[in-house]
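S.K.: The end of the sequence shown is residue 304 by this note's numbering, with every number in the run present.
For reference, the structure I am asking about is given below.
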Amino acid sequence: MKYSLFRIASYASKNFIRNIGLSIMTITILVLALLSINTIIVLNTITEASLEAFEQEVDVSIDFQPDADQEKVTEIQNMVDSMTEVKTTTFYSPDEVREQFKTRHADNDNIISALNALDKNPFGASLSIEAHSAKDYEKILSLVDTDQYDAVIYKKSRDEHTFVITKIKNITDNISQAATFFAVIFGLFSIFIIFNTIRVALYSKREEIGIMRLVGASKWFIRAPFYTECLMYVIVALIISMSVTYFAVEIIDPHIMRAFVTTNFSILVDIKQKMGGILIFEFLAVFAMTLIAAYVAMRKYLKV
1 MKYSLFRIAS
11 YASKNFIRNI
21 GLSIMTITIL
31 VLALLSINTI
41 IVLNTITEAS
51 LEAFEQEVDV
61 SIDFQPDADQ
71 EKVTEIQNMV
81 DSMTEVKTTT
91 FYSPDEVREQ
101 FKTRHADNDN
111 IISALNALDK
121 NPFGASLSIE
131 AHSAKDYEKI
141 LSLVDTDQYD
151 AVIYKKSRDE
161 HTFVITKIKN
171 ITDNISQAAT
181 FFAVIFGLFS
191 IFIIFNTIRV
201 ALYSKREEIG
211 IMRLVGASKW
221 FIRAPFYTEC
231 LMYVIVALII
241 SMSVTYFAVE
251 IIDPHIMRAF
261 VTTNFSILVD
271 IKQKMGGILI
281 FEFLAVFAMT
291 LIAAYVAMRK
301 YLKV
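The following block contains the structure:
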């Protein structure tokens, strides 16, 4: 058994070297397909971290009229608090809102002087809302978007972070779609090239295969070297693609960490944690693809 496995590996290695040009081309296409997949994984990881960081900074508030009915204000606050989409709420009294305004404009003497000259506080109370997800804010604000609260609510506002989140999602979706497209294209090219590589190998070894048939070699023994050759393609392509991906991630990681100071996110650490799962998934997916191509080629050109 050991001798047979050794001979199978030997035949596969000879095929690999004999058709080195096709072998290099096959591995190159597989590497490009794997790099496309790795790009999607890295991009999605960075996007998830970006969205999480931005969602923590989202500020959505309901500002009330200065003369708003306190019962209505309390009713709205209780209604918002009861929503499952709401994580926390913070209520600011008119005086607190006034102090916040003064703090934000502390460097503008004209505004502060004008505010101090007023006999009455021009600000109403405010309710700051933090949702579990940025997509929940539309539902939360729509809850109070009724005629019965028009006389109580001055405005409902969201800051620029929600716009940034939407833009990030749109850009990421577009890039992911492009990367997926290229991954599929490279995958199809890989199948085509592997199919032709096996066909060339079968043609170049037709006499040797004929002798193997005459001496009673089994179908498995004749087919096994070609499957082993596919395994070699996948292993080499995986090593190259993961090395390139790791090197690229190592380069961009310091820049990513500077952008995520508040969350201490590291793309390198995250990819290291996912490395085992990525390797298993990509190996099984790509090896299955190459086996199918090899099987179809042998079924068509090898009558065993």
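Using N, Cα and C, we set each Cβ at its ideal position, and we do this for glycine too.
Of the residues Thr89, Asp119 and Phe101, which one's Cα is nearest the Cα of Tyr137?
M.R.: Considering only Thr89, Asp119 and Phe101, the residue with the shortest C-alpha distance to Tyr137 is Thr89.
S.K.: Using a threshold of 8 Å, state whether the C-beta atoms of Phe195 and Ala293 are closer than that.
M.R.: Contact: yes.
S.K.: For Glu71, does the count of other Cβ atoms within 10 angstroms reach 16, so buried, or fall short, so exposed?
M.R.: exposed
S.K.: Would you kindly report the start and end of the unbroken alpha helix (DSSP H) that includes Ser142?
M.R.: Tyr137 to Leu143
S.K.: Just to confirm the assignment, what range does the alpha helix (DSSP H) spanning Ser128 have?
M.R.: Per DSSP, Ser128 belongs to no alpha helix (DSSP H); it is in the beta strand (DSSP E), Ser126 to Ala131.
S.K.: Between Leu115 and Pro94, what straight-line distance do the alpha-carbon atoms span, to the nearest angstrom?
M.R.: The straight-line gap from Cα to Cα measures roughly 14 Å.
S.K.: By a C-beta neighbour count over all protein chains shown, 10 Å radius and 16 as the cutoff for buried, is Met275 buried or exposed?
M.R.: exposed
S.K.: Within 10 Å of its beta-carbon, does Lys2 have 16 or more other beta-carbons around it, so buried, or fewer, so exposed?
M.R.: Only weak support is given to the placement of Lys2: the predicted model assigns it a pLDDT of 47, under 50, and the value that follows is read from those uncertain coordinates. The residue is exposed, with fewer than 16 neighbouring Cβ atoms inside 10 Å.
S.K.: Do Phe16 and Ser10 have their beta-carbon atoms positioned less than 8 Å apart in this structure?
M.R.: no
S.K.: Which residue marks the beginning of the beta strand (DSSP E) containing Phe91, and which one marks its end?
M.R.: Val86 to Tyr92
S.K.: Along the chain, where does the beta strand (DSSP E) that runs through Val60 open and close?
M.R.: Under the DSSP assignment, Val60 falls in the beta strand (DSSP E) whose first and last residues are Val60 to Phe64.
S.K.: Starting from Gln77 and walking both ways along the alpha helix (DSSP H), at which residues does that stretch end?
M.R.: Gln70 to Asp81
S.K.: So the candidates are Lys14, Arg18, Asn19 and Leu43; which of them puts its Cα closest to the Cα of Ala248?
M.R.: Leu43
S.K.: Assuming Ser126 contacts Ile62 under a Cβ cut-off of 8 Å, what Cβ separation, rounded to an integer in Å, is found between them?
M.R.: 7 Å
S.K.: Starting from the Cα of Gly187, find the closest Cα among Asn19, Leu34, Met25 and Arg7 and give me that residue.
M.R.: Leu34
S.K.: Ignore the nearest five residues each way along the sequence and tell me which others in Arg98's own chain have a CB closer than 7 Å to its CB.
M.R.: Asn121 and Phe123
S.K.: List the residues that DSSP assigns as beta-bridge partners of Ser157.
M.R.: Residue pairing from DSSP places Ser157 in a beta bridge opposite Ser61.
S.K.: I'd like to know whether the C-beta atoms of Ile37 and Ala183 end up nearer to each other than 8 Å.
M.R.: yes
S.K.: Compute the beta-carbon to beta-carbon distance between Phe64 and Tyr154, rounded to the nearest angstrom, for a pair I have assumed lies under 8 Å.
M.R.: 6 Å
S.K.: Within its chain, find whatever has a CB closer than 7 Å to the CB of Met289; leave out the 5 residues flanking it on each side and keep chain order.
M.R.: Only Gly187, Ser190 and Ile191 meet the Cβ criterion.
S.K.: State yes or no: is the C-beta of Asp270 within less than 8 Å of the C-beta of Thr45?
M.R.: yes
S.K.: Take the Cβ of Val286 as the centre, count every other Cβ of all protein chains shown within 10 Å, and call the residue buried at 16 or more, exposed below.
M.R.: Buried.
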